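Enquirer:
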Amino acid sequence: MNRNLPNRNERGAALIVVLMLLVIVTLLGLVAMREAILQERMAGYTIARGYAFQAAEEALRVAEDFAKGHPAIPTSGCNNGVCATPATGQASLYETQSSFWTTAGNYQNAAVDPNGITPKFSLEGYGTKSASGTLGDTCFGDGCVNAGSTVRAQVYRITVLSQAPNGTEVMLQSLYQAP
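Each residue of the sequence shown is one higher than the one before, counting from 653 in my numbering.
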């Protein structure tokens with residue numbers, strides 16, 4: 653026996669609903685992927701900053717060893733990574749010259765660290781201090797206060813710049829009294 657079912661008008665609403673759900677799920681997936689990629693980038697930059705910081709600390713120790721040799725401080729400008737003492741009230745050369753870290757003679761390269769980072773360092777004369785370290789017995793720039801001690805130690809300001817391959821930069825500064 654053959655029964656014919658009555659024709660119903662099919663509208664295709666299910667197809668449209670499923671396609672809309674598919675678009676929504678795809679958009680949610682893309683947003684989640686974008687978020688994961690952003691988190692990976694942030695983690696990468698954090699790791700690069702850590703490597704650059706470690707290289708800068710290593711270069712700081714190299715610069716301190718260099719300062720132990722009491723390098724001569726030029727009267728103006730920089731020579732072989734040693735820069736003149738800025739006059740009272742004036743900024744350092746690395747602060748005023750945009751090309752400071754790309755001009756030879758202004759800095760020295762420290763050894764390349766295992767991550768391929770070559771930090772740079774520069775020393776500035778920062779005055780002298782009595783060997784006893786008495787307060788008020790310090791000479792900065794061109795003037796001395798209570799300069800009773802004849803034995804003086806040179807003080808250097810060490811500035812280190814470390815750049816990771818991805819462009820992350822770390823700058824460290826330290827005052828070092830050369831023994």
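For each residue, glycine too, the CB sits at the ideal point set by N, CA and C.
Remember, predicted model here, so these are calculated numbers, not experimental data.
Assign A762 to buried or exposed, taking buried as 16 or more other Cβ atoms, counted over all protein chains shown, within 10 Å of its Cβ.
Expert: That one is buried.
Enquirer: Should the stretch 711 to 723 be regarded as contacting the stretch 743 to 762, the criterion being three or more beta carbon pairs within less than 8 Å?
Expert: The stretch 711 to 723, when compared against the stretch 743 to 762, does touch it at the 8 Å Cβ threshold.
Enquirer: Verify the CB distance criterion: does K720 have a CB-CB separation below 9 Å to chain C?
Expert: Among the chains of the structure shown, chain C does not appear; only one protein chain is present.
Enquirer: If you run the structure through DSSP and keep just helix, strand and coil, what is D794?
Expert: In this prediction, D794 scores a pLDDT of 47, lower than 50, which makes its location untrustworthy; no coordinate-derived value is stated.
Enquirer: Whose C-beta lies closer than 8 Å to the C-beta of E710 among residues of the same chain, with five residues either side of it excluded?
Expert: Correct list, in chain order: A762, A763, D765 and P771.
Enquirer: Can you tell me the Cα-Cα spacing of S751 and S814, whole angstroms?
Expert: Cα-Cα distance, rounded: 15 Å.
Enquirer: Just mark A719 as buried or exposed, buried being the case when its beta carbon has 16 or more other beta carbons within 10 Å.
Expert: It counts as buried.
Enquirer: Measure the alpha-carbon distance for M672 versus A665 and round it to whole angstroms.
Expert: Between M672 and A665, the C-alpha separation is close to 11 Å.
Enquirer: Is T811 helix, strand or coil when you go by DSSP?
Expert: T811 falls in the strand class under three-state DSSP.
Enquirer: Could you tell me which of A708, V677 and R686 sits nearest to A816, measuring between CA atoms?
Expert: Closest by alpha carbon: A708.
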